[in-house]
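9 is the number of the first residue of the sequence shown in our numbering; add one for each residue after it. Built from N, CA and C at the ideal position, the CB exists for glycine as well. Worksheet for the structure shown next.
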Amino acid sequence: MSELFDKSIRTLELPRVLQLLSEQAVSPEAKELALAVRPETDYEDVLRLLDQTDGARAMIVLRGAPGFSGVKPVKDLLDRADRGGSLNIPELIRIGDLLYAARRAKEYFNADAAEPTALDQIFLSIHGNRFLEDKIRRCISDENTVADAASPELADIRRHMRAALAKSRQILQKIISSPSYSKVLQDNIITQRDGRFVVPVKADQKGNLPGLIHDVSSTGATVFVEPMGVVQANNEYAELQAKEQAEIDRILAELSADAAAHRRDIQWDHDALVQLDLIFARGELSYKMDAIRPQVRRDGLIRLRKARHPLLDKKTAVPIDIELGDAFDTLVITGPNTGGKTVSLKTLGLLTLMTQCGLHIPAGDRSEVSVYERVLADIGDEQSIEQSLSTFSAHMKTIVEILQEADRDSLILFDELGAGTDPVEGAALAIAIIQHVRALGARAAATTHYAELKTFAMTTPGVENASCEFNVETLSPTYRLLIGIPGKSNAFAISRRLGLPDEVITNAQAQMSKDSVRFEDVLPQLEAKRQALEKREQETDRLYRQREEDARKAREFREQMQRAKENARSRGEAEAKRILRDARSASDAVFAELERMRKEQAKADRAINANEARAELRRQLNEAEDAIDKRDARSEPIPKPSRPIQKGDLVEIPGVSTPAEVVGVGSDGTLQLKAGILKMKAKADEVRLIEDDERAAMKKKAPKPTRTAVTGLRTAASRELDIRGMETLEAESVVETFLSTAVMGHLETVTIIHGKGTGALRNAVHDILRRNKNVKSFRLGVYGEGENGVTVVTMK
């Protein structure tokens, strides 16, 4: 970029726009980059930047911008850590904040369900490191403190430090509270000197409190003594402080090494976040300016519709339409002073530069801007007393530099071309300069007061007049730019309205040449024709818009009819599919319910059979115990068998009603017996052999089972369950089975008898009821129901 191009950028006030951009950025580096932005001269680069701005603005409108508050420079920190240096707490916090910002940016992107944008690749390139981020946040609680949770060793050291500190303060508290030391102490307080806990002692009493003197007051009346009883505790505290610092240094070194191990990813994330911060700043600025993305061209055409200068208040700024590079390559803007000529020129140049910087411009839809290699401007008063240059000389010096650099890829802007010298010579120079610029192939726009340039623009193909409108009645400009109409100076009309005598004005008019008079008289006629054409054009635009609206409505009506037809057909198909889907879902639900009931029935059967088996076993054990007790108690002998007892015989155990089968005979004569599910051993003289004739009689008589086993689901569910005497684990299974049976039997209320006892069984039952989803509520019994010995359950 040449020095002249850079000077033109400042002349067109792009740095002020970049200052606004910098204010939208968050991170310090993004703010600096915003101020250093320069226009891109490559067409593809401009499109890329505008695509990024489009994506950022779309995201901002939908869900706001991501946070960049934790993005700060970390390169120097990472380099130092990579060389083996240890980072301090604030530096590690900075890295942690950066990792947090990276993670939030990834979450922001992943949560976005919008269309793909030019920012996707930047977001996807962010690594993040949740492990290191959490480790830093766990180890560092604030900017000055390493947390106890950083390591078990640090937590243990600080626990001992608190104990030592408490011990020291306890000893000192006893001293300052003791009446025997009230005359020795200057004041009953505990303070610190050189990190040691001390008490203030009167100088003349220091011998009455043995200890180490650490300080003396300025008056010498007070000495600060560390009592001997506290020295050991303080020494221990000092040693622990050294250990604490060593452990803190180790933790910080470990965190620094972790950061160094991931320095490339962390630095990449920093650079990506700074880039995103700058892009979202462009999106924020676009939103605040109510700006749009112009169509970007390569052919040098500029067409701005309802364009506003970005540094003017958008509430009061008058939008202008300005174009260049299509039917004409040079635009000559005329009109009175303060009429808006220079603002129009700057708007043209500044909006072109903003587009090439990737910024949206404050203009209307369908605006178009071309990409130029350079935008060169000569605007403002360049008079220099230091260099002994007049206004004309200063302008001419700049113009010479412009002509040296200009080519077909340049946009040239001249303000008051040829001013500051003899009008005739100035006008001739202005025309010659414009012709030279056109010969170079550059596009140019110039402001002037010279009537000769108006005539030149009217008579030269490719050169067009434009003027800034002025209201003579109010003596104020309207700031509207009119393409195709030369401006009128209105000097005589303004002078007359301001009170200049008519004879003076008449005399001034007489001094003008006849050609100038005729030319000035033609301008009102052109203005009248322009206004008529403008009204006709507005009417044409209105009719065109109306026709487009009618065509749009007709198109929408046809589309609605087509959609209605398709919807009617698809609704029928959808209804049929829905009926089939509902039928299939209903059948699946029925089968699933049947399968669930089958499984619950099988589970209930197993539980009931298991409970009955346990009860039968308990009954047989009780009978066996009773038999043993009765056998020990009785004195009558057991009759001797008629033959030796063999395997397969039946014997009777005294006191037990159920006969036992001999399943084996040991070498020592011990009998192995089986009575139902109960197995036991007994000697031959402890049992009675059931003789063969008695055994035959027993076979003829069918035994009646004491309890009937449940083989299927009970048709009538019991409303009451008695679990007294059961263990907690046993009761849990029985209660669950009982509740399932109650649900299947559609019982609304059931009662569980658990007894009063210690309350352990009652608490276990209540825990089961709280967990069971089929229980609506439960309560203890009232008087007449069993009180605390029963629980009444209401089922859902």
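Spanning the alpha carbons of G366 and L359 requires a straight line of approximately 11 Å. By the CB criterion at 7 Å, A289 and A33 fall inside the cutoff. Straight-line measurement puts the Cα of R592 at about 18 Å from the Cα of R604.
Sequence-distant partners of D730 (beyond 5 residues in either direction) whose C-beta falls short of 6 Å from its own C-beta, in its chain, are I761.
Ranking K175, R167, S159, F232 by CA distance to the CA of D195 puts F232 first. Between L106 and H317, the alpha-carbon positions lie close to 38 Å from each other.
For M803, the enclosing beta strand (DSSP E) covers residues 798-803. Apart from the 5 residues on each side of it in sequence, A692 sits with its Cβ closer than 7 Å to the Cβ of I653, G677, L679 in its chain, given in chain order.
G428 sits in coil when the DSSP states are folded into three classes, being neither helix nor strand. Judged by pairs of C-beta atoms under 8 Å, the stretch 54-70 touches the stretch 125-137, as three or more such pairs exist.
Annotation: D273 is outside any beta strand (DSSP E); the continuous alpha helix (DSSP H) that includes it extends over 271-297. Taking K296 as reference, the option from V751, I369, D53 with the minimal CA-CA separation is I369. The alpha helix (DSSP H) runs lying completely inside the stretch 107-137 and spanning 4 residues or more are 128-132, given in chain order.
In the DSSP assignment, the residues bridged to I761 are D730, V798.
Take the alpha-carbon of P302 and the one of N575: they are about 40 Å apart.
Under the three-state reduction of DSSP output, T19 falls in the helix class. Two segments are said to touch when three or more pairs of C-beta atoms, one from each, lie closer than 8 Å; by this definition the stretch 131-142 does not touch the stretch 89-101. If you ignore the 5 residues before and after I491, its C-beta comes within less than 6 Å of the C-beta of A474, all in its own chain and listed in chain order. Cβ-Cβ distances below 8 Å link V783 to L747, L777, V801, T802, M803, K804 in the same chain, with the five nearest sequence neighbours on each side left out; the list follows chain order.
Separation of S149 and A155 (C-alpha to C-alpha, rounded to the nearest whole angstrom) is 5 Å.
When secondary structure is reduced to three states using DSSP, R451 falls in the strand class. Comparing C-alpha distances from E151 to each of M169, I103, D373 shows the shortest one belongs to I103.
Taken atom to atom, the span from the alpha-carbon of G449 to that of D87 is near 52 Å.
With respect to the C-alpha of K210, the residue from A172, A268, V192 having the closest C-alpha is V192.
The alpha-carbon of I493 is positioned some 29 Å away from that of Q554. Using a Cβ distance threshold of 7 Å, L489 and S352 count as a contacting pair. Each residue's CA atom was taken as its position, placing Y116 and T363 some 28 Å apart. Between A772 and G753, the alpha-carbon positions lie close to 24 Å from each other.
Nearest to A163 by C-alpha distance, out of R177, C147, S176, A174, is C147.
At a Cβ-Cβ threshold of 7 Å, R696 and I646 count as neighbours. Three or more beta-carbon pairs separated by less than 8 Å link the stretch 238-253 to the stretch 169-187, which places the two stretches in contact.
In the DSSP annotation of this structure, D202 is not part of any alpha helix (DSSP H), being labelled neither H nor E.
For E331, the enclosing beta strand (DSSP E) has its first and last residue at 328-332.
The beta carbon of A229 is closer than 8 Å to those of Q194, K210, A211 in its chain, skipping five residues each way along the sequence. By the neighbour-count definition (other C-beta atoms within 10 Å, threshold 16), R577 is an exposed residue.
In the three-state DSSP reduction, E699 falls in the coil class, being neither helix nor strand.
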